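Mapping of the sequence shown onto our numbering: residues 787 to 1792, in sequence order.
Just so you know, even glycine gets a beta-carbon here, dropped at the ideal spot from N, CA and C.
These numbers were taken from a predicted model, which means no experiment stands behind them.
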Amino acid sequence: MIKKIITVLPLFLGMVFFGISQETKIYTHEDKAYQDGLALYNNEQYQAAQTIFERVKNTTDNLETKANSAYYEANAAVRLNQLGADRLMEDFVEKYPTSTKRNSAFTDVAEYYFNTGKYPYALKWYNKVDQKALSRKEMDKFNFNYGYSLFSSGKKPEAERYLEKVTSSEVYASQAKYYLGYIAYQQDDYEGANERFDEITDPELLEEKLSYYQADMNFKLGKFEEAIALAKKQIPKSDRTEKSELNKIIGESYFNLKQYDNAIPYLEQYNGRRGKWSNTDYYLLGYSYYKQGDFANAIQQFNKIIGGTNSVSQNAYYHLAECYLKLDKKKEALNAFRNASQMDFSTEIQKDAYLNYARLSYEVGNAYEPVPQVISNYLERYPNDKYQQEMQELLVDSYITSKNFAGAMELLEKNRGFASKTTYQKVAYYRALELFIDGDYAAASEVFQKSLDSAEDALFKARANYWKGESDYLLNRFEDALNNFTAFRQNPMAASTAEYKDLNYNLAYTYFKLRDYPNAITYFTNFTDSGTSETQKLYDGYLRLGDSYFVTSDYWPAIETYNKALALSGPQKDYAAYQKAMSYGFVGKRDTKLEELDRFVSAYPQSTLNDDAMFELGNTYVAQGQEQRGLQTYDRLIQEHRKSPLVAQALMRQGLVHYNASRNEQALGKFKSVVRDFPRTQEAVQAVATAKLIYVDLGRVDEYAAWVEELDFVQVTDSELDNATFESAEKQNLDGKKEAAIRGYEKYIEQFPNGAHAVKANFTLAQLYFGKSQKEKALSHYKFVADRGGSEYAEQSLARVCEIYIGNDNYGDALPYLERLENEADIQQNKTFAQSNLMKGYYQQKNYDQTLAYAEKVLATPSIDNRIKSDAQIMIARSAIATGNVTKAEEAYEQVLKIASGETAAEALYYNAYFMNQTGDHENSNTAVQKLAKDYAAYKKWGGKGLVIMAKNYYALGDAYQATYILESVTTNFAQYPEIVSDAKAELAIIKSKEAKSNSSIRPGN
């Protein structure tokens, strides 16, 4: 039963007070001035009277007149509220102790303050009165006034003692009983109050107030029908404030009688205390609407209940949730059920709320805590519940729908009884696919096998075979890959899958990697003849088919296939053209080869194969006896491709051409250029060896010795040891003895830091360390190779240096290497890698112009996957946000949403909600946040930021409950993100401050 306490100010009754009687002439006939002062005093001309009394007091020799003048002077000062008035009266009492006015002085001042409503002041002077000197009549007046002053000063027990003394008084009895009854009423002593009220005989008092108090007392005693009757009787005689309270008594009485339709109009007429309703007030009206089936109006009342922590609030939040469900507002219902489930005033409501909270979490997502955790907590809290099986099934599904396949695997491997074998098969498949997408192919292959081991669903078995084949292929386990692709092909369901269209292509590549070129040719031919609409893949199929013919020395079909590739659009036309030219050389068409290579050099100036074509063109000219054209072609290569690893070889070829033509000095010049520009390379070692032959032929061995002595990478006396040490390490590596190989390469580098094989030794050692995930050890060796440049290992080493620095989030050290990689890479994939990470590195350094420039470069790159595209769009969006370009940011995030996945998609979805909030599209903004909560629950940071946006949306939509509950939940559930908590607290403070103006249950700042 919900009851209310009404505080009503006590009735201020017109009291009968004794004035100050006029002084008789026996005291004043000799003093006209005194008489004039007394006349002015009785006419309330206190200022003028005070002046006269002060003068008379100071001039008269009459002791009685002097005492009386001092008395009236002090009394006038009291009535004028002058500072020091109290002191004047006390001086009078001290100086004239025998005056007949001494006792009346205290009562006069006390009564003055009593009449003006200053009861604490009145008490001060009543306490000075000598009660023994008062007459019986004066004593009644004293007791009543003193008792009432105590009552008005909040000292009710003391007041009762004095008011009791005048309950038989002809003058004060009714009033005393009224106040005694009121005191009992305030102390919830309704029996005592009724007893006092029944003794009152004053018709004015009976008419004025008693119906109100009796109505309220009947309500509190549970006599609701009597309360309704009395309150309705009192309403026409009441003022606005009391009428509001009486409407509340009637409304709550009807509520307790379950007459909710009757309760509503009266509850609506309640104005609140000091214009504010409480949470209980909102609950009463909301529940009445709820019982009438008016869920929209019920929500409007329930959602004003903010911060409640009692049984009423728990009840309200539970029914609020039900109302939301009735109106199909499930995400709103989720919050209300969650709130009710967190209170234990009613364990029945708590349990049912938790059950609905778990169900809704599964259905619409949960931004506060992972859905599987919600359901697991329910199962732990209610282990023998009748809904146990339903919850177990939802638990498994929740892992799947929230894409937490790792959690699902862990759950099912511990509790196989929670789901069928087929469900485990599917969960394992999805987990493996997740690992595959993350690039963990070894783990993916292992989990795909788990799915296959539990295979009952033929479709998922087929797909698991396919993707296990992909995983094994990427792990260079080509035999295993072939077995899985073959198993996929043999599965009757394979043809119905999306993967089937790539089967011939994948089988062809697998055979190609196994060097089974006849089978590769068969499957590449099957693929290219299949009529696929994927132009880029068809183009690649023709390239690899051409390569398969090429490596089997079937050059005419290779040329024909390369021509088919060239007829399509594709990113590697230069490769097809180059291979075609080389094929002509192998079928004896050297002139055609020269034409094709010459055309290639002109047609593809930016190709990474341009230097290869020039080198091969030079070689072909020399082979045909056109030495001069060959030398000129080598010169062009050297000039146009200064950073190409073929420059050293071109210089060597020029040197050899001159040597073979006996142009020894020119040959020496070329060999020395190789040694100078490309020290410590194989070409440099070969150049020294060939130069030695020339010096020997010329008889200038001393000059050779002096030259070699200046070279730090040639140690003629140690050359055999150099080679032997390196070859020993190489042999261990080729035999698969990795640890022994590492020791061998380390020993070689220690003994021959600048040896002939230093570059290859450092590179191979780096690769071995990298393969063992000892990336920091690998770094220094990759840097050794990258910093020397010019070798066949330089580009890969440069890429690895960048990869390791980026993996450590060390963009400061990575940037110079990334810039080199962008400029020096022959492989487009490495160039794209450099550009995409330069974009991220510059963003980290807050260089937004460079970030945007590189993002545009990345997006302009043909045939990049969606992950790289979304990274570029994200960088554009973040840079735009940082520079205040909201329009550009919104456009970029819109593009991200179309292609992104994982955390990038979560970020884009958050900003989608943010932009809609900014434009006032609050409903759709909330839909975006809910999607974020459901589909990207793993990315808690964006979920928390989204919740703050959702709270703002709800408050803008008039739902203060949802807004405050969400914000309070953020402050307790996102402590690991202080910035988000700070934003939530600031927004919560603003909302509570506004709501506290109309809701008395809200305390701003709490």
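Near residue i, which residues of its chain fall below 8 Å by C-beta distance, leaving aside the five closest residues on each side in sequence?
i: GLU1608; result: LYS1617, ALA1620, GLN1621, LEU1624
i: LEU1113; result: PHE1081, ALA1082, ILE1085
i: TYR1629; result: THR1637, MET1661, ARG1664, SER1665
i: THR1757; result: VAL1767, ALA1770, LYS1771, LEU1774
i: VAL1487; result: TYR1481
Sorted by chain position, which residues of the same chain lie with C-beta nearer than 6 Å to residue i's C-beta, five sequence neighbours on each side aside?
i: ALA1241; result: GLN1211, LYS1247
i: MET1702; result: ASN1710, SER1711
i: ASP872; result: none
Is it true that the CB of residue j sits closer than 7 Å to the CB of residue i?
i: ALA1153; j: GLY1729; result: yes
i: TYR1341; j: PHE1386; result: no
i: LEU1032; j: ILE1021; result: yes
i: LEU1423; j: PHE1457; result: no
i: LYS887; j: TYR857; result: yes
i: GLN1748; j: GLU1118; result: yes
i: ALA1205; j: VAL1233; result: no
i: LEU1260; j: TYR1227; result: yes
i: TYR1555; j: ALA1564; result: yes
i: GLY760; j: THR1394; result: Because residue 760 is not part of the residues shown, which for the chain are 787 to 1792, the question remains open.
i: TYR1534; j: ALA1515; result: yes
i: ALA733; j: SER1184; result: Limits of the chain in this structure are 787 at one end and 1792 at the other, which puts residue 733 out of reach.
i: TYR1679; j: ALA1694; result: yes
i: MET1195; j: LEU1245; result: no
i: ASN1270; j: ASN1292; result: no
i: ALA862; j: GLN836; result: yes
i: ALA1737; j: LEU1718; result: no
i: ASN1121; j: TYR1696; result: no
i: ARG739; j: ASN1540; result: Residue coverage of the chain in this structure runs from 787 to 1792, which leaves residue 739 outside it and unanswerable.
i: TYR1056; j: SER1039; result: no
i: LEU1331; j: PHE1310; result: yes
i: LYS1375; j: ILE1345; result: no
Let's test the definition: count the other Cβ atoms within 10 Å of the Cβ of residue i and tell me whether it reaches 16, buried, or not, exposed.
i: GLY1793; result: No information on residue 1793 is available, as it lies outside the stretch 787 to 1792 that the chain covers here.
i: LEU1431; result: Checking the displayed sequence, the identity of residue 1431 turns out to be Pro instead of Leu. Under this definition PRO1431 is a buried residue.
i: ARG1124; result: buried
i: GLY1360; result: Correcting the residue type first, residue 1360 is Asp in the shown sequence and not Gly. That one is buried.
i: ASP1657; result: buried
i: PRO943; result: exposed
i: PRO1158; result: buried
i: LEU1437; result: buried
i: GLU1781; result: buried
i: SER1649; result: exposed
i: THR902; result: exposed
i: GLY1008; result: exposed
i: ILE1223; result: exposed
i: ASN1065; result: buried
i: SER1704; result: Per the sequence shown, the amino acid found at residue 1704 is Gln instead of Ser. Counting Cβ neighbours within 10 Å, GLN1704 comes out exposed, since fewer than 16 surround it.
i: ARG947; result: exposed
Counting only the same chain and skipping the five closest in sequence on each side, list residues whose C-beta sits under 7 Å from that of residue i.
i: LEU1324; result: THR1314, THR1318, LEU1354
i: LYS1478; result: TYR1490
i: SER1097; result: PHE1131, SER1132
i: ARG1415; result: TYR1407
How far does the alpha helix (DSSP H) with residue i in it extend, from its first residue to its last?
i: PRO1156; result: From DSSP, PRO1156 is part of no alpha helix (DSSP H); its letter is neither H nor E.
i: PRO1343; result: 1341-1352
i: PHE1570; result: 1561-1574
i: PHE937; result: 922-938
i: ILE1685; result: 1672-1685
i: ILE1091; result: Segment: none, ILE1091 is in no alpha helix (DSSP H) and carries neither H nor E.
i: ASP1599; result: 1597-1610
i: GLN1636; result: 1634-1646
i: PHE1538; result: That residue, PHE1538, is in no alpha helix (DSSP H); it is neither H nor E in DSSP.
i: ASP894; result: 888-901
With a threshold of 7 Å between beta carbons, is residue i in contact with chain D?
i: THR1208; result: The chain labelled as chain D is not found in the depicted structure, where only one protein chain is given.
Validate contact between the stretch 1267-1275 and the stretch 1252-1259 using beta carbons, cut 8 Å, 3 pairs: Counting C-beta pairs closer than 8 Å gives three or more between the stretch 1267-1275 and the stretch 1252-1259, which meets the contact rule.
Segment contact, 8 Å Cβ cut-off, at least three pairs: the stretch 1578-1586 with the stretch 1469-1488: They do not touch, by the three-pair rule.
At least 3 beta-carbon pairs within less than 8 Å: the stretch 925-932 vs the stretch 890-908: The stretch 925-932 vs the stretch 890-908: in contact.
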